[in-house]
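**Student:** Protein chains in written order, with our numbering: chain A, 1 to 373; chain B, 1001 to 1373. Ideal Cβ positions, reconstructed from N, Cα and C, are used throughout, including at glycine.
Number of protein chains: 2
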Amino acid sequence: MKVFDELNPPARLLLGPGPSPVHPRVMRALAAPVIGHLDPELIRLLDETRGLLRDVFRTSNDLALAVSGTGMAGMESVLGSLLEPGDRLVVCAAGFFGQRMGELAGRMGVAVTKVEKEWGEVFTPEEVDTAVAGAKPKAIAIVHAETSTGALQPMDGLGDVAHRHDALLIVDCVTSLGGAPVLVDQWGVDAAYSGSQKCLGCPPGMAPVTLSPRARQAMAARSRPAHGWYLDLDLLERYWGGDRAYHHTISSTLVYALREGLRLVVEEGLEARWERHRTNAEMLWDGLEALGLVLHVPDPERRIPSLTTVHVPDGVDEAEVRGRLRDEYGIEIGAGLGPLKGKVWRIGLMGHGSQKANVILLLAALVDLLKRP
Amino acid sequence: MKVFDELNPPARLLLGPGPSPVHPRVMRALAAPVIGHLDPELIRLLDETRGLLRDVFRTSNDLALAVSGTGMAGMESVLGSLLEPGDRLVVCAAGFFGQRMGELAGRMGVAVTKVEKEWGEVFTPEEVDTAVAGAKPKAIAIVHAETSTGALQPMDGLGDVAHRHDALLIVDCVTSLGGAPVLVDQWGVDAAYSGSQKCLGCPPGMAPVTLSPRARQAMAARSRPAHGWYLDLDLLERYWGGDRAYHHTISSTLVYALREGLRLVVEEGLEARWERHRTNAEMLWDGLEALGLVLHVPDPERRIPSLTTVHVPDGVDEAEVRGRLRDEYGIEIGAGLGPLKGKVWRIGLMGHGSQKANVILLLAALVDLLKRP
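Shown next, in the form of structure tokens:
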């Protein structure tokens, strides 16, 4: 049996689509002693985390918790807990993660009506209304910040559309929570999920979720148990907020990290944090355009402040530039997905990573590697 | 918005059913810098982890990986990836986790034939053979180390029974892997899953899984996609061992910890580690009996070395004793589950926690709290 060498991973500046740079205080939280999933002290920390999640989601929902998995587990937990075979879901898909919502729901036996647009576009309330009117769905699913395209979906009016048709509004805010306004109650969102490793600045492994009272009623009215067991929000809520019935052995380590990341968000203040992400993004956008590069989403108001997609210039080998950024500068950025593969780079300024110094360093490195003036 | 106090969890001596004490080297691994899920360095660490998992599972199976969730996620990933609605599963259930396997499979639309025995008993190959002969199942599921009862299932002959009936053998070794012999190839096991936070001595959050070539054939022959998406072993294998297609953002932090925990297992040597767990368990058993306490599993050969169930003496408030152990001694032990609730304590000597000093300390504390001579 081979033991392998001592662990020695490189330090990377994480400016891709996530994970993002972890704040030193969150790293320190990882070193706290592991305790049991039913320890009164852990239960207290879960209660506090619940309160912090409500603040960060801008909601008064009782149900706010973190699924023990990544953002994809958050997506599956919401879809699988609210929908059952035969239900209809309208999915607004203008990117990889919108498509995935449809794929996951389809696996569950849910009837999916997909409304598609070009990757990088967003939906108007009227477009959603038209799609919903014919379909009479139980829920509408939409991505707030489409990590594959860099497009930020305007949310005003979507809650009204959903509720007028007696449908639930499900929102993916994996890349926006903590980096751009996510106003669950004000927008009339019934279910939202996110991930710990984007604008919350924690390691991957936890997926914040919140459900409105309407969503909980829909969950309670199911005719059969949720699709999954590990990701069943009803069972998870019994552990997080109910009788503390043993469900799974939650990782105290990841709870510590998430709680610390959320504390940092609340200490900074959500408005200040959104402003920081916005300001640094604008600096990046200006810098990229000054280098003659073209941003994939033309309208600045439709761009995600935490994730920018920029076109790879003609004649440039995108993988080579990414590799040299990584190997020569220690900087990670992301490649394109789906139809944008090979055509864009994805640059994240998320959480602790959204800093002027990182913007300047990346731009300078691109000047070098792209031989721009 | 309330920020809450600085993180300050207590140091507990974790002698319950898991999580277990984390080795200092594993704690240190948590502090390594987070890197991306597609970083070449992380891919290299995944390859090494795969090799270490094969060693620890005692298998030459190509598919060995860790699901990004706890042991329960491991259970669901195996059942949901191998079985589909209409398939029949024989579940041998003599405890909480055997029952759960049946519950999870039932949710998936699998037809479940449950063979039940008293909590604490184990199954003979003949008993399993009889159950299987009538049912003609696609798979047989059994718990190797039933954490709810302390009973260790003898595995000899079960693989033969399964394969004679052309069924897959699925084994839960959450509490045994790394603490007692788990011989996947020798036993003819087709699918095994475990958890990081038991005898591997890591924080919770990763679930090692291995599939035999027969199990992979069964997975490939499904008529529809796996039950779940996040826990789909086919998709996970493409990421861990195939074309590295993005599936989810694996937590480098938890990979570091698991790899370090596995390195420690391999450095110690599996036989030496099993022997350590066995020797310290015997010391515990002798000590408990010397205090006049009665072990729930009478035959020492049928006891799990890493998890001991002991009867609560008449007239003793089990919760009070557990609470005082925690508050006065900083020691966590576990309560009983299901029919054993209030009747037993569950004492874990797992991974780094299996040490003579811990046995002596716990026994001395029990002498004090139970007022034993």
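Have a look at A:26, A:238 and A:361 and flag the residue whose alpha-carbon is nearest the alpha-carbon of residue 199 of chain A.
**Tutor:** Working through the first sequence from its first residue, we reach residue 199 of chain A at position 199. Cα-wise, what sits closest to residue 199 of chain A is A:26.
**Student:** Alpha carbon to alpha carbon, how far is residue 1249 of chain B from residue 1038 of chain B? Give it in angstroms, no decimals.
**Tutor:** Numbered from its first residue, the second sequence carries residue 1038 of chain B at position 38. Numbered from its first residue, the second sequence carries residue 1249 of chain B at position 249. Their Cα atoms are separated by approximately 9 Å.
**Student:** Please list the partners that residue 1051 of chain B has in chain A, where partner means a Cβ-to-Cβ separation under 9 Å.
**Tutor:** Here residue 1051 of chain B refers to the residue found at position 51 when the second sequence is read from its first residue. Those within 9 Å of residue 1051 of chain B in chain A are 1, 2 and 4.
**Student:** Does residue 240 of chain A come out as helix, strand or coil in the three-state DSSP assignment?
**Tutor:** Position 240 of the first sequence, counted from the first residue, corresponds to residue 240 of chain A. Helix.
**Student:** Taking C-alpha atoms, which residue in A:171, A:318, A:125 and A:43 lies nearest to residue 156 of chain A?
**Tutor:** Here residue 156 of chain A refers to the residue found at position 156 of the first sequence. Taking only the C-alpha atoms, the option nearest residue 156 of chain A is A:125.
**Student:** Comparing alpha-carbon positions, which option in A:247, A:40, A:82 and A:8 lies nearest residue 222 of chain A?
**Tutor:** Within the first sequence, the letter at position 222 stands for residue 222 of chain A. Ranking A:247, A:40, A:82 and A:8 by Cα distance to residue 222 of chain A puts A:82 first.
**Student:** Can you pull the DSSP bridge partners for residue 1142 of chain B?
**Tutor:** Within the second sequence, numbered from 1, the residue matching residue 1142 of chain B stands at position 142. DSSP lists B:1171 as partners of residue 1142 of chain B.
**Student:** Take residue 1109 of chain B and list the residues in its own chain whose beta-carbon comes closer than 6 Å to its own, dropping the five residues that flank it on each side.
**Tutor:** Residue mapping note: residue 1109 of chain B aligns to position 109 of the second sequence, counting from 1. Closer than 6 Å at Cβ, skipping near neighbours: 1085.
**Student:** Exposed or buried, what is residue 60 of chain A when buried is set at 16 or more other beta-carbons lying within 10 Å of its beta-carbon?
**Tutor:** The count along the first sequence starts at 1 and reaches residue 60 of chain A at position 60. Residue 60 of chain A is exposed by the Cβ-count criterion.
**Student:** On the three-state DSSP scale, how would you describe residue 1193 of chain B?
**Tutor:** Numbered from 1 along the second sequence, position 193 holds the residue referred to as residue 1193 of chain B. Strand, per DSSP.
**Student:** What are the start and end residues of each continuous beta strand (DSSP E) run of 3 or more residues lying completely inside the region 1050-1079 of chain B, in chain order?
**Tutor:** Taking only runs of at least 3 residues, the beta strand (DSSP E) segments lying wholly in the region 1050-1079 of chain B are 1063-1067.
**Student:** Go ahead and pull the three-state DSSP assignment for residue 1086 of chain B.
**Tutor:** Indexing the second sequence from 1 puts residue 1086 of chain B at position 86. Reduced to three states, the DSSP call for residue 1086 of chain B is coil.
**Student:** Indicate whether residue 65 of chain A and residue 231 of chain A have their beta-carbon atoms separated by less than 8 Å.
**Tutor:** On the first sequence, residue 65 of chain A is found 65 positions in, with the first residue counted as 1. On the first sequence, residue 231 of chain A is found 231 positions in, with the first residue counted as 1. No. Outside cutoff.
**Student:** Quick check: what's the CA-CA separation for residue 246 of chain A versus residue 220 of chain A?
**Tutor:** Residue numbering aside, residue 246 of chain A sits at position 246 when the first sequence is read from its first letter. Residue numbering aside, residue 220 of chain A sits at position 220 when the first sequence is read from its first letter. Approximately 20 Å between the Cα atoms of the pair.
**Student:** Going along the region 314-348 of chain A in order, which residues come within less than 7 Å of chain B, judged by CB to CB distance?
**Tutor:** Result list: 332.
**Student:** Below 8 Å on the Cβ atoms is my guess for residue 1163 of chain B versus residue 1133 of chain B; work out the distance and round it to an integer in Å.
**Tutor:** Within the second sequence, numbered from 1, the residue matching residue 1163 of chain B stands at position 163. Within the second sequence, numbered from 1, the residue matching residue 1133 of chain B stands at position 133. About 14 Å; that fails the 8 Å criterion.
**Student:** Label residue 1099 of chain B either buried or exposed according to how many other C-beta atoms from any shown protein chain fall within 10 Å of its C-beta, with 16 as the threshold for buried.
**Tutor:** Locating residue 1099 of chain B in the second sequence gives position 99, counting from the first residue. It counts as buried.
**Student:** Between which two residues does the beta strand (DSSP E) holding residue 1346 of chain B run?
**Tutor:** What you label residue 1346 of chain B is simply residue 346 of the second sequence in a count that begins at 1. Element bounds for residue 1346 of chain B: 1344-1348.
**Student:** If you compare alpha carbons, which of A:107, A:273, A:333 and A:175 is closest to residue 358 of chain A?
**Tutor:** By 1-based counting over the first sequence, the position of residue 358 of chain A is 358. Closest by alpha carbon: A:333.
**Student:** What is the DSSP secondary structure of residue 253 of chain A, counted as helix, strand or coil?
**Tutor:** Along the first sequence, read from residue 1 onward, the residue named residue 253 of chain A stands at position 253. Residue state, collapsed to three classes: helix.
**Student:** Kindly indicate the opening and closing residues of the beta strand (DSSP E) around residue 296 of chain A.
**Tutor:** The residue you call residue 296 of chain A lines up with position 296 of the first sequence. No beta strand (DSSP E) holds residue 296 of chain A; DSSP gives it neither H nor E.
**Student:** Quick one, which of A:148, A:190 and A:150 has its alpha-carbon nearest residue 161 of chain A's?
**Tutor:** As a first step, residue 161 of chain A is located in the first sequence; it is residue number 161 there, counting from the start. The residue with the shortest Cα to Cα distance from residue 161 of chain A is A:190.
**Student:** What's the call for residue 1069 of chain B, buried or exposed, on a 16-neighbour Cβ count within 10 Å?
**Tutor:** Residue 1069 of chain B sits at position 69 when you count from the first residue of the second sequence. Residue 1069 of chain B should be labelled buried.
**Student:** Could you work out which residues of chain A lie near residue 1193 of chain B, taking near to mean beta carbons separated by less than 7 Å?
**Tutor:** Walking along the second sequence from the start, residue 1193 of chain B turns up at place 193. Residues of chain A passing the Cβ test: none, with the nearest at roughly 12 Å.
**Student:** Kindly indicate which residue of B:1319, B:1318, B:1299 and B:1361 has the alpha-carbon position closest to the one of residue 1120 of chain B.
**Tutor:** The sequence position of residue 1120 of chain B within the second sequence is 120, counting from 1. For residue 1120 of chain B, the nearest C-alpha among the options comes from B:1299.
**Student:** Pull up the CB-CB distance for residue 101 of chain A and residue 141 of chain A, whole angstroms please, since I reckon it's below 8 Å.
**Tutor:** By 1-based counting over the first sequence, the position of residue 101 of chain A is 101. By 1-based counting over the first sequence, the position of residue 141 of chain A is 141. Contact flag correct, Cβ pair sits at about 5 Å.
**Student:** Per DSSP, which residues does residue 113 of chain A bridge with? Please list them.
**Tutor:** Counting from 1 along the first sequence, the entry for residue 113 of chain A is found at position 113. DSSP lists A:90 as partners of residue 113 of chain A.
**Student:** By alpha-carbon positions, which one of B:1214, B:1321, B:1262 and B:1355 ends up nearest to residue 1278 of chain B?
**Tutor:** Locating residue 1278 of chain B in the second sequence gives position 278, counting from the first residue. Minimum Cα distance to residue 1278 of chain B is reached at B:1355.
**Student:** Between A:182, A:17 and A:307, which has its C-alpha nearest residue 271 of chain A's C-alpha?
**Tutor:** The sequence position of residue 271 of chain A within the first sequence is 271, counting from 1. Nearest C-alpha to residue 271 of chain A: A:182.
**Student:** Quick one: Cα of residue 1153 of chain B to Cα of residue 1092 of chain B, how far?
**Tutor:** Locating residue 1153 of chain B in the second sequence gives position 153, counting from the first residue. Locating residue 1092 of chain B in the second sequence gives position 92, counting from the first residue. Using only the alpha carbons, I get a separation of about 10 Å.
**Student:** Can a CB atom of chain B be found closer than 8 Å to the CB of residue 71 of chain A?
**Tutor:** If you number the first sequence from 1, residue 71 of chain A lands on position 71. It does: the Cβ of residue 71 of chain A has a partner Cβ on chain B nearer than 8 Å.
**Student:** Between the Cα of residue 76 of chain A and those of A:49, A:105, A:50 and A:89, spot the shortest distance and give me the residue it belongs to.
**Tutor:** Walking along the first sequence from the start, residue 76 of chain A turns up at place 76. It is A:105.
**Student:** Compute the distance between the beta-carbons of residue 1214 of chain B and residue 1136 of chain B, then report whether it is under 8 Å.
**Tutor:** Locating residue 1214 of chain B in the second sequence gives position 214, where the first residue counts as 1. Locating residue 1136 of chain B in the second sequence gives position 136, where the first residue counts as 1. No, the pair does not count as a contact, with Cβ atoms beyond the cut-off.
**Student:** In this structure, does DSSP put residue 1228 of chain B in helix, strand or coil?
**Tutor:** Position 228 of the second sequence, counting from 1, holds the residue named residue 1228 of chain B. Three-state DSSP puts residue 1228 of chain B in coil, outside helix and strand.
**Student:** Helix or strand or just coil, what does DSSP make of residue 1277 of chain B?
**Tutor:** Your numbering for residue 1277 of chain B matches position 277 in the second sequence. Reduced to three states, the DSSP call for residue 1277 of chain B is helix.
**Student:** Which whole runs of the beta strand (DSSP E) in the region 1301-1346 of chain B are 3 residues long or more, in chain order?
**Tutor:** Runs of the beta strand (DSSP E) inside the region 1301-1346 of chain B: 1307-1311.
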